[in-house]
Amino acid sequence: MKRRVAILISGRGSNMTALVEAAKAEGYPAEIAVVISNKAAAEGLAKARAAGIPTLVIESKPFGQDRVAFEAKLQSALDDNRIDLICLGGFMRLFTADFVQRWQGRMLNIHPSLLPSFRGLDPHGQALRAGVKISGATVHFVIPETDAGPIIIQGAVAIRDDDTAETLAARVLEIEHRIYPDALRLVASGGTRVDGEICKTAANASPDDSLISPSVI
Ligand code: GAR
């Protein structure tokens with residue numbers, strides 16, 4: 002039985018689209034049952050509708066600081082849709098520890114850095130200011146701490162001397178669109194096992210698993 006997935010978005014929804022596309026493949030172990038946005042103006046909603054995915058808007062703004070009431074409404078939508086797994090795709094709203102615990106091991110997030118480096122806002126600017134030579138993206142299980150939790154998969158890109166936050170973001174985004182569907186495939190097929198803070202997977206490193214940057218002749 003395919004696992005039923007809700008994707009939560011607040012904006013563009015390009016990771017959502019990557020997951021929707023991947024889930025069309027025969028044998029993919031998850032189906033995207035619903036896309037939920039906390040913002041009515043999220044661009045991703047139209048993309049989801051165009052792909053034939055049911056959408057829901059649960060505006061978070063009217064709830065103000067009342068996270069519990071917002072989450073109660075969200076939870077009832079998740080129940081109505083018999084959701085097994087949640088994928089956060091640029092969902093810009095923090096959850097209470099209670100909500101996170103209810104979904105422990107069943108809620109994934111993507112963050113555009115090689116965690117645990119550069120959590121929070123402006124990860125690409127943070128990476129450039131730190132002068133690291135390699136950056137990337139991480140899919141992880143959600144825990145109460147923001148942009149932290151057992152790491153399921155990471156993808157890396159080399160940073161170029163002339164990179165700006167925008168050019169780096171564009172290359173990392175391509176990696177995001179590759180690794181998020183892979184992470185969901187692993188989790189939905191039972192290919193992950195969390196032991197404390199560590200996630201072990203049934204998959205191996207890729208055959209060429211080295212990335213050295215810069216490349217010195
Ligand atoms: C993505 O780059 C995602 O990694 C990031 O928001 C963007 C959403 O883009 N998430 C975070 O920074 C979470 N801390 P998308 O709406 O096109 O998928």
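Sequential numbering from 2 applies to the sequence shown in our numbering.
Backbone N, C-alpha and C fix where the C-beta goes; we use that ideal spot for every residue, glycine too.
Going by the C-beta, is residue i closer than 8 Å to any heavy atom of the ligand GAR?
| i | result |
| --- | --- |
| L95 | no |
| H141 | no |
| L9 | no |
| I37 | no |
| L129 | no |
| M108 | no |
| S118 | no |
| G137 | no |
| E177 | yes |
| S15 | yes |
| I111 | yes |
| A170 | yes |
| D148 | yes |
| L174 | yes |
| L89 | yes |
| G45 | yes |
| G121 | yes |
Counting only the same chain and skipping the five closest in sequence on each side, list residues whose C-beta sits under 8 Å from that of residue i.
| i | result |
| --- | --- |
| V101 | M108, V143, I144 and P145 |
| E60 | N39, K40 and A41 |
| D209 | none |
| T56 | V35, V36, I37, S38, L46, A49 and R50 |
| E44 | G12, R13 and G14 |
| D123 | A166 |
Cβ atoms of residue j and residue i: under 9 Å apart, would you say?
| i | j | result |
| --- | --- | --- |
| N205 | G91 | no |
| L129 | A166 | yes |
| L115 | G137 | yes |
| T97 | K48 | no |
| R68 | S11 | no |
Since residue i and residue j should fall inside the 8 Å C-beta cutoff, what is the C-beta to C-beta distance between them, to a whole number of angstroms?
| i | j | result |
| --- | --- | --- |
| L9 | I37 | 5 Å |
| I154 | A184 | 5 Å |
| L79 | Y181 | L79 to Y181, Cβ: 19 Å. No contact. |
| A149 | P117 | 7 Å |
| A170 | P113 | 7 Å |
| T147 | R103 | Incorrect: roughly 17 Å between the Cβ atoms, too far for contact. |
| I135 | L212 | 6 Å |
Grab me the residues of residue i's own chain with a C-beta within less than 7 Å of its C-beta, minus the 5 sequence neighbours each way, in chain order.
| i | result |
| --- | --- |
| R186 | Y29 and P30 |
| A24 | A31, E32 and I33 |
| L199 | Note that residue 199 is Ile in the sequence shown, not Leu. Once the five neighbours on either side are set aside, the close Cβ partners of I199 are P151. |
| F64 | A70 and F71 |
| G126 | A166 |
| G106 | F142 and V195 |
| R179 | G156 |
Once the 5 residues before and after residue i are set aside, which same chain residues still bring their CB inside 6 Å of it?
| i | result |
| --- | --- |
| R194 | K201 |
| N82 | A34 and V35 |
Should residue i be counted as a contact of the ligand MN given a C-beta to heavy atom distance under 8 Å?
| i | result |
| --- | --- |
| P145 | As far as ligands go, the structure on display features the ligand GAR and does not contain the ligand MN. |
The region 79–86 / the region 3–15 touching (three or more Cβ pairs under 8 Å): yes
Touch test, the region 73–82 against the region 173–182, Cβ-Cβ under 8 Å, three pairs minimum: no
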